[in-house]
Each structure stands twice: as structure tokens, then as C-alpha cells.
Amino acid sequence: MVETSKRVQEHYSSVDLADRIIGLTGVSRDALTVAALEPFDHMHLRGSKASREMVEALAPGADWHVVDVGAGICGPARMAVAATGCQVTALDLSDDFCACATELNRLVGLQDRIAVRQGDALAMPFADATFDGAITHHAAMNISDKAALYREIARVLKPGGRFVLYDVMRGPGEEPYYPVPWATTSEISFLATPEDVRGHLAAAGFAERDWQSLRQETLDWMAAVKAAREAAAAAGDGTAPANTGSVLMGASGPEKIRNVARNLGQDRITVVMGIFEKDA
Amino acid sequence: MQDTDQQVHEEPQDGSGREVDPKLLEILVCPLTKAPLRYDREASELVSDQAGLAFPIRNGVPIMLVDEARQLDDTK
Numbered sequence: 001m002v003e004t005s006k007r008v009q010e011h012y013s014s015v016d017l018a019d020r021i022i023g024l025t026g027v028s029r030d031a032l033t034v035a036a037l038e039p040f041d042h043m044h045l046r047g048s049k050a051s052r053e054m055v056e057a058l059a060p061g062a063d064w065h066v067v068d069v070g071a072g073i074c075g076p077a078r079m080a081v082a083a084t085g086c087q088v089t090a091l092d093l094s095d096d097f098c099a100c101a102t103e104l105n106r107l108v109g110l111q112d113r114i115a116v117r118q119g120d121a122l123a124m125p126f127a128d129a130t131f132d133g134a135i136t137h138h139a140a141m142n143i144s145d146k147a148a149l150y151r152e153i154a155r156v157l158k159p160g161g162r163f164v165l166y167d168v169m170r171g172p173g174e175e176p177y178y179p180v181p182w183a184t185t186s187e188i189s190f191l192a193t194p195e196d197v198r199g200h201l202a203a204a205g206f207a208e209r210d211w212q213s214l215r216q217e218t219l220d221w222m223a224a225v226k227a228a229r230e231a232a233a234a235a236g237d238g239t240a241p242a243n244t245g246s247v248l249m250g251a252s253g254p255e256k257i258r259n260v261a262r263n264l265g266q267d268r269i270t271v272v273m274g275i276f277e278k279d280a
Numbered sequence: 281m282q283d284t285d286q287q288v289h290e291e292p293q294d295g296s297g298r299e300v301d302p303k304l305l306e307i308l309v310c311p312l313t314k315a316p317l318r319y320d321r322e323a324s325e326l327v328s329d330q331a332g333l334a335f336p337i338r339n340g341v342p343i344m345l346v347d348e349a350r351q352l353d354d355t356k
């Protein structure tokens with residue numbers, strides 16, 4: 001497990017990420033806002049649209065304390081806090097993501113509302129029954145022990161606490177193509193089938209409130225993003241190809257994105273949003 | 281948290297001056313033992329006496345990874 005953790009940290013290693021993301025916004029550091037960051041700080045399929053759905057599904061009260069497991073650079077955390085006034089504790093394994101998140105939170109004035117902690121989702125540094133709600137987005141695919149992950153999330157949630165997951169899962173088709181954004185090879189990619197994930201969640205004491213396959217929505221979104229980029233390129237807009245994906249994934253970004261589309265199109269992977277409540 | 285001084289803030293040596301809210305440190309526990317942590321302001325560490333580990337706070341981010349923690353006693 002330690003070895004896998006190191007490899008996952010290395011995979012997401014990204015120097016000066018905050019500066020490069022701020023560069024994409026075209027806004028100066030002093031004038032940075034959650035809204036200006038929104039097109040660039042939601043590093044998952046369907047971007048900020050998916051984050052908004054997650055926040056709506058979680059529906060946190062202003063008095064809630066929410067944990068974001070695998071929070072990355074905290075795009076969804078900032079959106080949740082700005083939209084609802086809740087408090088977020090953001091946990092991530094990557095030191096570069098934690099540093100970037102801390103910097104962006106500070107620049108938009110949310111450093112007192114979002115606490116960033118570097119840690120392991122399988123050994124979270126939180127006491128039992130600490131949080132009113134939990135979210136996780138595109139983190140579980142780098143975690144092999146799904147049963148332990150959902151047990152750990154259940155542990156830190158209060159009874160009746162709400163949990164929203166937004167994850168890539170294994171489809172019924174052949175083995176996925178690599179590289180993909182979360183893994184260069186299958187070595188640190190741990191995709192579970194929706195059936196297995198639901199089984200682990202039930203075993204951890206979660207009751208299912210909603211479960212939606214977003215495979216087609218994701219394919220449509222990817223096609224729309226591609227079309228917009230091509231149209232911008234045709235119109236000679238040189239800024240169009242820059243996005244968070246290219247900043248984060250570098251030269252292999254286009255190939256990874258292409259493979260996600262192929263994997264979805266051939267049912268090798270799927271995308272799911274689920275809403276759960278911890279048993280009271 | 282078993283810190284006796286709730287008003288203090290961490291002053292990292294790199295001069296970035298990031299503060300750590302003691303109230304937010306309160307909810308942190310040792311990832312191994314799940315026992316409360318002792319905040320060592322001088323060393324900018326969160327100490328798990330039971331596990332014999334000290335977790336560093338860097339630039340305001342507590343590093344709650346056992347791999348990154350300092351062993352309090354080398355014989356452990």
C-alpha cells in the first residue's frame with residue numbers, strides 16, 4: 001500500500017500548479033475569485049457542471065462540516081463553501097495538490113473555511129463521527145481497497161451523514177486503454193464495477209438514495225469540449241487549447257483524454273454519481 | 281487536541297506566516313491510533329505519543345502521513 005501511495009503521489013506531482021492555473025484564468029493574483037477559477041479548477045469529467053451537481057446532491061447546510069476525500073486542488077470545495085457557507089476539510093495524498101489548494105484558497109479568501117490536510121483516505125486523521133457530509137470525486141480509481149475506503153468514510157461521518165461520490169468505474173467491456181488521466185498504466189488504476197462499489201457501500205453501512213450512470217452525459221460533454229476547441233482553433237484563437245487538463249497532464253494530455261472517450265464509448269469504463277446516507 | 285494554548289498560531293520558518301487555526305487542528309487525530317494529538321508549536325508538529333510519531337505542519341498543511349512522520353524514539 002505504501003508503494004502504491006508513493007506512485008500515486010508521483011503520478012499527480014505537479015510543480016507550481018497554482019501559478020499555472022492562475023495563468024489560465026487571465027486574472028491577476030489579487031483579483032482572483034472562485035468564479036474566475038471555475039473553468040480551470042474542477043479536475044474531473046464534466047468539470048464544474050459535475051461539481052455543481054455534487055454540491056446540489058450533498059445540499060450542505062451553512063452549519064455543516066464536510067470532508068472532501070481526495071480533494072485535489074479544492075475546486076469543488078471552494079464551490080461548496082461559496083454556494084452554501086459550509087466548512088470543508090480537504091484531504092489529499094498529493095503534496096503538490098495540497099500546496100496548490102492552500103494557495104488558491106488563500107487568494108480567494110477562503111483559507112478559514114477550507115482546511116487542507118495531506119493524508120491517506122484509508123487512514124484518515126479524523127475522529128469517528130466528525131463530519132455532517134462527505135464527497136469524493138475521481139479519487140477512488142487510485143485506491144485498490146474500496147471496502148476499506150468506504151468503511152473509513154462511514155467512520156468519520158456522523159450517523160445519518162450524507163455521502164456523494166462521483167467516480168469512474170469499470171464497465172462491462174474489455175480492459176481499459178491506458179494512459180488515462182488518473183494512471184499512465186494499469187499499475188495505479190483500480191477500477192471497480194458499479195455492482196462491487198454498491199456492495200462495499202452497503203457493507204460499510206450506507207443506504208443508497210440515488211445512483212446515476214453518467215456515461216452518455218460524459219461522452220456528450222467530451223464531444224462538446226472537443227468541438228469548441230476545434231472551432232476556436234479554426235477561428236485562430238490561440239488561447240483555446242489551454243485548460244487544466246493540459247496544465248496537469250502535459251504532453252500526454254490529449255492521448256489520455258482520447259483514451260477516456262474510447263473507454264467510455266466501448267463500455268470499458270463508466271461514470272457514476274451516487275448519493276448515500278450513513279445509517280443512523 | 282491537548283494543546284494548552286489555544287491562541288497560538290504556527291509561524292513557519294520559511295517566513296510565509298501561514299496560520300493554523302487551533303480549532304481546526306482539534307479535529308485531527310493520529311491516523312494510526314485515532315488518539316488525540318499534542319500540538320508542539322515550537323517544532324510545528326502534531327505529536328502522537330501513543331504511536332511515537334510527530335507529524336510535521338508545512339506551510340499551514342498538516343502532513344498526516346505515517347511515511348512522512350518523524351519517529352519520536354528510534355528504538356520503536
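Same order as they appear, the protein sequences are chains A and B.
1 is the number of the first residue of the first sequence in the working numbering; add one for each residue after it.
281 is the number of the first residue of the second sequence in the working numbering; add one for each residue after it.
Each residue gets a CB set at the ideal place from its N, CA and C atoms; glycine is no exception.
Fair warning: this is a prediction, and the values are worked out from it, not measured in the lab.
Does DSSP put residue i in a helix, a strand or coil?
| i | result |
| --- | --- |
| residue 295 of chain B | Reliability fails at residue 295 of chain B, whose pLDDT of 36 lies under 50, so the model's placement of it is uncertain and the value that follows must be treated cautiously. Coil at residue 295 of chain B, not helix or strand. |
| residue 326 of chain B | strand |
| residue 20 of chain A | helix |
| residue 139 of chain A | coil |
| residue 63 of chain A | coil |
| residue 318 of chain B | strand |
| residue 84 of chain A | helix |
| residue 275 of chain A | strand |
| residue 255 of chain A | helix |
| residue 76 of chain A | helix |
| residue 280 of chain A | coil |
| residue 193 of chain A | coil |
| residue 338 of chain B | strand |
| residue 180 of chain A | strand |
| residue 309 of chain B | strand |
| residue 353 of chain B | coil |
| residue 37 of chain A | helix |
| residue 31 of chain A | helix |
| residue 95 of chain A | helix |
| residue 106 of chain A | helix |
| residue 149 of chain A | helix |
| residue 208 of chain A | strand |
| residue 229 of chain A | helix |
| residue 4 of chain A | helix |
| residue 15 of chain A | coil |
| residue 291 of chain A | As shown, chain A starts at 1 and ends at 280. That puts residue 291 of chain A outside it, with no answer to give. |
| residue 57 of chain A | helix |
| residue 48 of chain A | helix |
| residue 236 of chain A | coil |
| residue 222 of chain A | helix |
Residues of chain A with CB closer than 7 Å to the CB of residue i, please, in chain order.
| i | result |
| --- | --- |
| residue 304 of chain B | 115 |
Can you pull the chain B neighbours of residue i, defined as C-beta to C-beta under 7 Å?
| i | result |
| --- | --- |
| residue 130 of chain A | 307 |
| residue 119 of chain A | 311, 344 and 345 |
Closer than 7 Å by C-beta to residue i: which residues in its own chain qualify, once you throw out the five before and the five after it? Chain order, please.
| i | result |
| --- | --- |
| residue 207 of chain A | 276, 277 and 279 |
| residue 44 of chain A | 50, 137, 138 and 166 |
| residue 107 of chain A | 29 and 32 |
| residue 218 of chain A | 45, 46, 264 and 271 |
| residue 215 of chain A | 264, 270 and 271 |
Residue i bridges to which residues according to DSSP?
| i | result |
| --- | --- |
| residue 157 of chain A | A:131 |
| residue 169 of chain A | A:270 |
| residue 260 of chain A | Answer is none; residue 260 of chain A lacks a bridge partner. |
| residue 216 of chain A | DSSP, once it has assigned bridges, lists no residue as partnering residue 216 of chain A. |
| residue 89 of chain A | A:67 and A:115 |
| residue 120 of chain A | A:123 |
| residue 333 of chain B | B:328 and B:351 |
| residue 162 of chain A | A:133 and A:277 |
| residue 343 of chain B | A:118 |
Residue i versus chain A: which residues are under 9 Å apart at the beta carbon?
| i | result |
| --- | --- |
| residue 312 of chain B | 123 |
So, at 6 Å on beta carbons, what are the nonlocal neighbours of residue i in its own chain, with the 5 sequence-adjacent residues on each side left out?
| i | result |
| --- | --- |
| residue 116 of chain A | 90, 98, 101 and 102 |
| residue 320 of chain B | 327 |
| residue 164 of chain A | 54, 57, 58, 135 and 275 |
| residue 171 of chain A | 267, 268, 269 and 270 |
| residue 146 of chain A | 192 and 200 |
| residue 124 of chain A | 152 and 156 |
| residue 18 of chain A | 100, 103 and 104 |
| residue 64 of chain A | 86, 132 and 133 |
Could you list which residues in chain B have their beta carbon closer than 8 Å to that of residue i, in chain order?
| i | result |
| --- | --- |
| residue 126 of chain A | 307, 308 and 309 |
| residue 204 of chain A | Near residue 204 of chain A there are no residues of chain B at all, since even the closest Cβ is about 17 Å away, more than 8 Å. |
| residue 99 of chain A | 339 and 341 |
Given that residue i touches chain B, what residues does it touch there, using C-beta distances under 9 Å?
| i | result |
| --- | --- |
| residue 102 of chain A | 298, 339, 340 and 341 |
Please go through the same chain and pick out, in chain order, the residues whose beta-carbon is closer than 8 Å to the beta-carbon of residue i, but skip the five residues on each side of it.
| i | result |
| --- | --- |
| residue 187 of chain A | 7 |
| residue 78 of chain A | 34, 37, 41, 104, 105, 108, 110 and 114 |
Are the C-beta atoms of residue i and some chain E residue less than 9 Å apart?
| i | result |
| --- | --- |
| residue 236 of chain A | Considering every chain present, this structure includes no chain E. Its protein chains are A and B. |
**OP:** Please name the residues in the stretch 326-350 of chain B whose beta-carbon is closer than 9 Å to at least one beta-carbon of chain A, in chain order.
**Re:** For the stretch 326-350 of chain B, the beta-carbon criterion of a distance under 9 Å to any beta-carbon of chain A is satisfied by 326, 335, 338, 339, 340, 341, 342, 343, 344, 345, 346, 347 and 348.
**OP:** Identify each residue in the stretch 69-83 of chain A for which the Cβ-Cβ distance to at least one residue of chain B is less than 7 Å, and report them in chain order.
**Re:** none
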